[in-house]
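Student: Structure in structure tokens, see below.
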Amino acid sequence: MDQYLELQTKVNLLEYHQRLLLKMLSSPNLEFYRMVIENGISEQEVQGFYKLCEDMNMKMAEQKAEGFIHFHPLFSEFLYSLPSKFDVNEVVHSCLGQGLYESLFKEFQKCL
1 MDQYLELQTK VNLLEYHQRL LLKMLSSPNL EFYRMVIENG ISEQEVQGFY
51 KLCEDMNMKM AEQKAEGFIH FHPLFSEFLY SLPSKFDVNE VVHSCLGQGL
101 YESLFKEFQK CL
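For the sequence shown, the numbering used here assigns the number 112 to the last residue and increments by one with no breaks.
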């Protein structure tokens with residue numbers, strides 16, 4: 001039974017990566033998807049990452065409304081929450097390259 005679950009997990013990962021590859025065929029600049037595939041990141045891990053980015057985006061908007069101009073503490077919180085499969089430099093550059101959460105990652109790029 002354990003081998004079946006492991007095999008099913010691998011099949012699910014391959015199916016997810018195949019869907020991303022198909023998207024990349026028509027738009028080769030999808031750098032975040034490339035990073036996901038190269039690092040063997042699952043769909044659930046990507047969904048968790050998107051949730052983290054949504055949370056960080058809302059916090060940054062609140063901080064900007066309060067007059068913040070430096071976001072190093074928010075970046076530190078992001079680093080702490082980022083799963084180990086994600087390299088922060090690669091994440092920032094690939095998200096900017098793909099146009100994901102641009103305002104957030106433009107600020108985070110300043111913190112690298």
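Note that the Cβ used here is the ideal one computed from N, Cα and C, for glycine as well.
Just so you know, these numbers come straight off a predicted model, no measurement behind them.
1. With DSSP collapsed to three states, give me the class of residue 81.
2. Applying the 10 Å Cβ sphere with the 16-neighbour rule, what's the burial state of residue 76?
3. Rounded to a whole number of angstroms, what is the C-alpha to C-alpha distance between residue 32 and residue 45?
4. Using DSSP with H/G/I as helix, E/B as strand and the rest coil, what is residue 69?
5. In terms of alpha-carbon separation, which member of 71, 37, 28 lies closest to residue 12?
6. In whole angstroms, give me the CA-to-CA distance for residue 35 and residue 8.
7. From residue 98 to residue 47, what does the alpha carbon distance come to, in whole angstroms?
8. If you draw a straight line from the alpha carbon of residue 57 to that of residue 1, how long is it in whole angstroms?
9. Identify, in the order they occur along the chain, each residue of the same chain with its Cβ nearer than 7 angstroms to the Cβ of residue 123, setting aside the five sequence neighbours on each side.
10. Spatial neighbours of residue 42 within its chain, please: CB distance less than 7 angstroms, with the 5 preceding and 5 following residues excluded, ordered by chain position.
11. Let me confirm a value: residue 62 is counted as buried when at least 16 other C-beta atoms fall within 10 Å, else exposed. Which label applies?
Tutor: On the basis of the data shown:
1. Assigned with DSSP and collapsed to three states, residue 81 falls in helix.
2. Taking a 10 Å sphere around the C-beta of residue 76, we find fewer than 16 other C-beta atoms and assign the residue as exposed.
3. Answer to the nearest angstrom: the Cα atoms are 13 angstroms apart.
4. Coil.
5. Looking at 71, 37, 28, the one whose alpha-carbon comes closest to that of residue 12 is 37.
6. So the alpha carbons of these two residues sit roughly 22 angstroms apart.
7. Residue 98 and residue 47: Cα-Cα distance of roughly 16 angstroms.
8. Approximately 41 angstroms, taken between the alpha carbons.
9. Here the chain covers residues 1 to 112 and nothing more, so residue 123 does not appear.
10. 13, 16.
11. Exposed.
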